[in-house]
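Have a look at the structure below, then the notes.
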Amino acid sequence: MDNNPSQPPKKSTPCIGCGGSGQTSFFGGASRFMLTWEDCPDCHGTGVVLDDLPSPEEDQPDPNISKEL
Numbered sequence: 844m845d846n847n848p849s850q851p852p853k854k855s856t857p858c859i860g861c862g863g864s865g866q867t868s869f870f871g872g873a874s875r876f877m878l879t880w881e882d883c884p885d886c887h888g889t890g891v892v893l894d895d896l897p898s899p900e901e902d903q904p905d906p907n908i909s910k911e912l
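In the working numbering, the protein residues as written are 844 to 912.
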C-alpha cells in the first residue's frame, strides 16, 4: 500500500449484499439441495464498498469552462 500524502485513503464499509464475505449463495437444482456460491455483484467479490468514489458526473469536465494556457 503506497502512502500518497496528496490523496487521503478511501474509507470502506462492509458490503450490505454479502455481509462482508464477498460471496453470495443460493440453493438451486431440481431437488434444491445444490448450494451455489458466486462473487457478490454489489462489491465484485471484495467484501467492501468504497464510500468516496466519484460519481460519473464528477468525472466529466465541464464543457462551459475553457482551459487557457
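For glycine and all other residues, C-beta sits at the position ideal for the given N, C-alpha and C. Predicted, not measured: the structure shown is a model, and the values here were computed from it.
Whether residue i touches residue j by CB criterion (8 Å)
i    : j    : result
S868 : G890 : no
Inter-residue spacing [alpha-carbon to alpha-carbon] between residue i and residue j
i    : j    : result
E881 : P857 : 17 Å
P884 : A873 : 24 Å
Q866 : G888 : 6 Å
D894 : G860 : 15 Å
G862 : S855 : 13 Å
D871 : L878 : The identity of residue 871 in the sequence shown is Gly, whereas the question assumes Asp. Straight-line Cα distance between these residues: approximately 6 Å.
Helix, strand or coil at residue i according to DSSP, with G and I counted as helix
i    : result
G871 : strand
D885 : coil
Per DSSP, cross-strand counterpart(s) of residue i
i    : result
T856 : V892
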